[in-house]
Amino acid sequence: MALADTNLPKQILVIDDDESVMSFLSFSLRGEGFIVLEARSAEKGLDLLKTNSPDLILLDLMLPGMNGLTMCAKMRDDNRFSHTPVLIITAFADRSSLKKVADAGAQGLIEKPVMFSELLVQILDAFAGRFTMPTRLKYAV
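For the sequence shown, this note's numbering gives the first residue as 2, with consecutive numbering after it.
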């Protein structure tokens, strides 16, 4: 599922304080043709948004300082980013998390450990304006 189908490279802001997750996501997304911006905290992510307009944001839920849901809600209050797709990343996904994520204005929830094929489907769905339930929650018994 290569990005070549969309013609123009999309810019994704990845906000995660875990070095290994950041490296994996950045490397994998660049391999698909995305332009990647990186931030290690919500505050640094908000600083990057002052000078950049990413097409999508991957946002860790548990960050030092401001958490991902709070940052997402702040972005929804800013007209420049009120419609930018946001996918929340968390190791603590359950069905109740979906409501919190949707209430904060995010388009989806990605479970850690991140399976890149699932992430890519959710990214493409978010670009198409669809909210996708995480695969592992969808099929959980």
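Glycine included, each C-beta is placed from N, C-alpha and C at the ideal position.
Applying the criterion that 16 or more other CB atoms from any shown protein chain within 10 Å of the CB defines a buried residue, is residue i buried or exposed?
| i | result |
| --- | --- |
| P55 | buried |
| F35 | buried |
| G66 | exposed |
| T71 | exposed |
| L9 | exposed |
| A107 | buried |
| M2 | Low local confidence applies: a pLDDT of 44 at M2 is under 50, so the model's placement there is unreliable, with the coordinate-based value given in what follows. Exposed, since its Cβ has fewer than 16 Cβ neighbours within 10 Å. |
| A129 | exposed |
With H, G and I counted as helix, E and B as strand and the rest as coil, what does DSSP make of residue i?
| i | result |
| --- | --- |
| D104 | helix |
| L38 | strand |
| L30 | helix |
| T52 | coil |
| V15 | strand |
| G109 | strand |
| D126 | helix |
| V22 | helix |
| T85 | coil |
| L47 | helix |
| L121 | helix |
| L64 | coil |
| L161 | Since the displayed the chain opens at 2 and closes at 142, residue 161 lies outside it and no answer follows. |
| L99 | helix |
When you compare the CB of residue i with every CB in chain C, is at least one pair closer than 8 Å?
| i | result |
| --- | --- |
| L38 | Any reference to chain C falls outside this structure, which holds one protein chain only. |
Nearest by alpha-carbon distance to residue i: which of the options is it?
| i | options | result |
| --- | --- | --- |
| E33 | R131, V122 and G130 | V122 |
| T91 | L64, R77, A129 and D78 | L64 |
| D78 | D18, L26 and L47 | L47 |
| A94 | N68, K101, D104 and E112 | E112 |
| A74 | E39, M116, S118 and A105 | A105 |
| L60 | R131, K51, A129 and D18 | D18 |
Please report how far the alpha carbon of residue i lies from the alpha carbon of residue j, in whole angstroms.
| i | j | result |
| --- | --- | --- |
| D126 | L62 | 20 Å |
| F117 | L26 | 8 Å |
| A141 | R96 | Annotation note: pLDDT 47 at A141 (below 50); position unreliable, coordinate value reported separately. C-alpha separation (whole angstroms): 10 Å. |
| G69 | T85 | 15 Å |
| V1 | N80 | The structure shown does not extend to residue 1, since the chain is modelled only from 2 to 142, so the question has no answer here. |
| R131 | I89 | 14 Å |
| L50 | E119 | 26 Å |
Between the stretch 12 to 19 and the stretch 55 to 71, do three or more beta carbon pairs fall short of 8 Å?
-> yes
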